[in-house]
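S.K.: Counting in full-length UniProt numbering, the sequence shown runs without a single skipped number right up to 63 at its last residue. The C-beta atom is built at its ideal place from N, Cα and C for all residues, glycine as well. Just so it is clear, the structure is predicted and the values come from calculations on it, not from any experiment. Here you go, one structure.
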Amino acid sequence: SDTFAGDIIRIKVESAAKEYRIHKALLRRHSGYFRGALRYTNFAEGRLGIVTLRDIEIYTFAA
């Protein structure tokens, strides 16, 4: 089990059926979108630790 497992978020890029595991702090620091989505527990993403990106191409997210 990872020491920081509770701080890891799963990002699913639906168009490529690909999943990334990224630390919450890294996402919050570099993205206003993720900063908002992960800050509050009233957002499903913040509660569940999973963000599904539906309208984005893999090369856009991976860049």
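So what does DSSP say about residue 58, is it helix, strand or coil?
M.R.: For the purposes of this step, residue 58 is taken as the residue at position 58 of the sequence shown. Helix.
S.K.: Relative to the alpha-carbon of residue 48, which residue among 37, 17, 57, 18 has its alpha-carbon at the smallest distance?
M.R.: Reading the sequence shown from its first residue, position 48 is the one you call residue 48. When each option's Cα is compared against that of residue 48, the closest is 37.
S.K.: For residue 9, count neighbouring Cβ atoms within 10 angstroms of its own Cβ and tell me buried if that reaches 16, exposed if not.
M.R.: Position 9 of the sequence shown holds residue 9. Buried: at least 16 other Cβ atoms inside 10 Å.
S.K.: From what residue to what residue does the beta strand (DSSP E) around residue 19 run?
M.R.: Within the sequence shown, residue 19 is the residue found at index 19, counting from 1. Note, residue 19: beta strand (DSSP E), 18 to 23.
S.K.: Taking the alpha-carbon positions, what's the residue 66 to residue 34 distance?
M.R.: Residue 66 cannot be examined here, being either before or after the span of the chain that is shown, 1 to 63.
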